[in-house]
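Undergrad: Numbering (the working numbering), first residue to last: 11 to 91. Even glycine gets a Cβ: it sits at the ideal position worked out from N, Cα and C. Only a predicted model underlies this, so the values are computations on that prediction, with no experimental measurement involved.
1. So, for residue 88: in the same chain, excluding its five sequence neighbours on each side, which residues have a beta-carbon less than 7 Å away from its beta-carbon?
2. Looking at the structure shown, is residue 77 part of a helix, part of a strand, or coil, going by DSSP?
3. What is the DSSP secondary structure of residue 33, counted as helix, strand or coil?
4. Tell me where the alpha helix (DSSP H) around residue 46 begins and ends.
5. Based on the DSSP output, what are the partners of residue 25 in its beta bridges?
6. Please say whether residue 60 and residue 91 have beta carbons closer to each other than 8 Å?
7. One question on the structure: do residue 21 and residue 52 come within less than 8 Å of each other, judged by their Cβ atoms?
8. Got a sec: is the Cβ-Cβ distance from residue 21 to anything in chain D below 8 Å?
This is how it looks when you write it as structure tokens:
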């Protein structure tokens, strides 16, 4: 069931050699427990070695980019996890 719901939340995964990597895209403004919960569930359900958060440079789901924090700040929030 989890795999069927990945596309709507911008989650992709792949095998690279012997490692499995998940890419989780979004605005992450701010990153919150829901985002972290999805990443943890993906790690567990898909047996991933790592999930990488990929903040959107130009968030298409937001009505105005003026309401979105600069990418630098959003990346800094993610790096503090």
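TA: In terms of the structure at hand:
1. 38, 41, 63, 65
2. helix
3. strand
4. 43–55
5. 30
6. no
7. yes
8. Protein chain content of the structure displayed is limited to a single chain, and chain D is not contained in it.
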